[in-house]
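S.K.: Got a structure for you, questions after.
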Amino acid sequence: MKYKVDPKFFVFLALSIVLWQFTNLAKPVSVSKLVNVTFKAPDGDYQLIDDSVVSIETRVTATGLRLLFNSPYNKVYSLSTESMVESDDQFVLLPSDIESQLQKEFGEAIAIEKIFTAELAVPLARIASKKVPVIPDVSISYKQNYILKGALSVSPDSVRISAPESTLSAISALNTVPLKRDNVSVSINQPLAIDYSDLELSSVERTEVTISAEVVRFSEMVYEVPILLPELENGMRLAVFPPSAQVVCKAPAEILKALDSGAFGVTVDFDFSQGMDSLPSRLPLRFSYSPSDVLEVFFSNDRVNYILEKQ
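In structure tokens, the structure reads:
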């Protein structure tokens, strides 16, 4: 004999199961899982040196429905570090502070039972600042009969930078980005960026400096200048060969026209009080004086032969 089941029975069964599930989900349950957090840097001279997510094991109590539809484990929470403390040369958040902040994020419907961490290290570093010199990375070649007058200048010649103390201590100078100029015959005055690549800095005073190079046309003249010899003790006399030096001078033509051999003083570069045993095979030369308004001055041969003899 066959029995026919009323379809209403299946509807009633389904509703009963759903009701049973909701009844169970409405009961409080305790769950332990990992809560993901990051940190916000506090106001002041601090910087986060790591922005990775940190996981904290946390036990919470809430209804099953709340955990099902509003689980605290599916989010990343940003913790304030204003109440951090310093311990053993690092910054930490205490468990009570962590729990207080997370409880505010979870709301009243989800109660934190326990935070399974003693304290949480905060990846912070103190920010310091200092001025460092800027070194120009500049390569210049000049057109024939042109030369740099004076030295290449950088303005400003230093900049203030800020960074974590450990980073800052390793920086003694900054370079500009490379600049290469060939066959130059006119003066240079241009901005040039400072190379901050590969440097983890918090802030910089400026991003570029101005490079200046005064380029002038020059002439060259050779002067025959007598070598001035020192008077020696113990009746010794010094003679050098040749007795004069060829001095090469580079300067604008109008300056060279006003010069003669008397504008240069040349002598031997050796301290005879050191004793005769340390004399070199040939004596080096040096300028005792030379004009200050010339571009370059040098010897065509900066060493001479000599003879030491008793008078």
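Its first residue numbered 276, the sequence shown is counted upward by one per residue in the numbering used here. Here a beta-carbon is modelled for each residue, glycine too, at the ideal position from N, C-alpha and C.
Please return the same chain residues whose Cβ sits closer than 6 Å to the Cβ of F366, not counting the five positions on each side in sequence.
M.R.: The answer, listed in chain order, is M359, V397 and L399.
S.K.: Which of helix, strand or coil does DSSP assign to Y348?
M.R.: In this structure, Y348 counts as helix in the three-state DSSP scheme.
S.K.: Per DSSP, what are the beta-bridge partners of R512 in this structure?
M.R.: Looking at the DSSP assignment, R512 forms a beta bridge with E584.
S.K.: Leaving out five residues on either side along the sequence, give the residues of the same chain with a beta carbon under 8 Å from the beta carbon of D470.
M.R.: Around D470: D412, L449, N450, T451 and V452.
S.K.: Could you give the DSSP three-state label for P370: helix, strand or coil?
M.R.: Correct three-state label for P370: helix.
S.K.: Using the Cα positions of C524 and V497, report the straight-line distance between them to the nearest angstrom.
M.R.: If I take the Cα positions, the gap works out to 6 Å.
S.K.: Helix, strand or coil for L309, going by three-state DSSP, please let me know.
M.R.: Three-state result, L309: strand.
S.K.: Can you round the beta-carbon distance between I486 and L454 to whole angstroms, since I take them to be within the 8 Å contact cut?
M.R.: Contact holds; Cβ gap of about 7 Å.
S.K.: Quick one: what's N450 bridged to in DSSP?
M.R.: Answer by DSSP bridge pairing, in chain order: I410.
S.K.: Can you give the Cα-Cα distance for F573 and V500, rounded to whole angstroms?
M.R.: In a straight line, the C-alpha of F573 is about 12 Å away from that of V500.
S.K.: Indicate the three-state DSSP secondary structure (helix, strand or coil) for E480 in the structure shown.
M.R.: If DSSP states are grouped into helix, strand and coil, E480 belongs with coil.
S.K.: For P501, which beta-bridge partners are listed by DSSP?
M.R.: Answer by DSSP bridge pairing, in chain order: S519.
S.K.: Would N580 be called buried (16 or more neighbouring beta carbons within 10 Å of its own) or exposed?
M.R.: Classification of N580: exposed, given that the 10 Å Cβ count is below 16.
S.K.: Using only alpha-carbon positions, find the residue among D318, R578, K406 and S556 that is nearest to I446.
M.R.: Of the candidates D318, R578, K406 and S556, the one whose C-alpha sits nearest the C-alpha of I446 is K406.
S.K.: Grab the span of the beta strand (DSSP E) containing I530 for me, first residue to last.
M.R.: Looking at the DSSP string, I530 is not in any beta strand (DSSP E); the run it does join, the alpha helix (DSSP H), is A528 to K532.
S.K.: As a quick exercise: from Q521, S346 and A488, pick the residue whose alpha carbon is nearest that of S414.
M.R.: Nearest option by C-alpha distance: A488.
S.K.: Going by DSSP, what residues sit across from M359 in a beta bridge?
M.R.: M359 pairs with nothing; no bridge assigned.
S.K.: Are the beta-carbon atoms of S494 and A526 separated by less than 8 Å?
M.R.: Yes, they are a contact pair.
S.K.: So which of F381, E584 and L531 has the shortest CA-CA distance to G510?
M.R.: Out of F381, E584 and L531, E584 has the C-alpha closest to the C-alpha of G510.
S.K.: So, for P347: in the same chain, excluding its five sequence neighbours on each side, which residues have a beta-carbon less than 7 Å away from its beta-carbon?
M.R.: These residues qualify, in order along the chain: V310, V335, F381 and I385.
S.K.: Could you tell me the alpha carbon to alpha carbon distance between R456 and Y421, rounded to whole angstroms?
M.R.: Taking the straight line joining both Cα atoms gives about 14 Å.
S.K.: Select from V543, S565 and A528 the residue whose C-alpha is nearest the C-alpha of S536.
M.R.: Nearest of V543, S565 and A528 to S536, Cα basis: S565.
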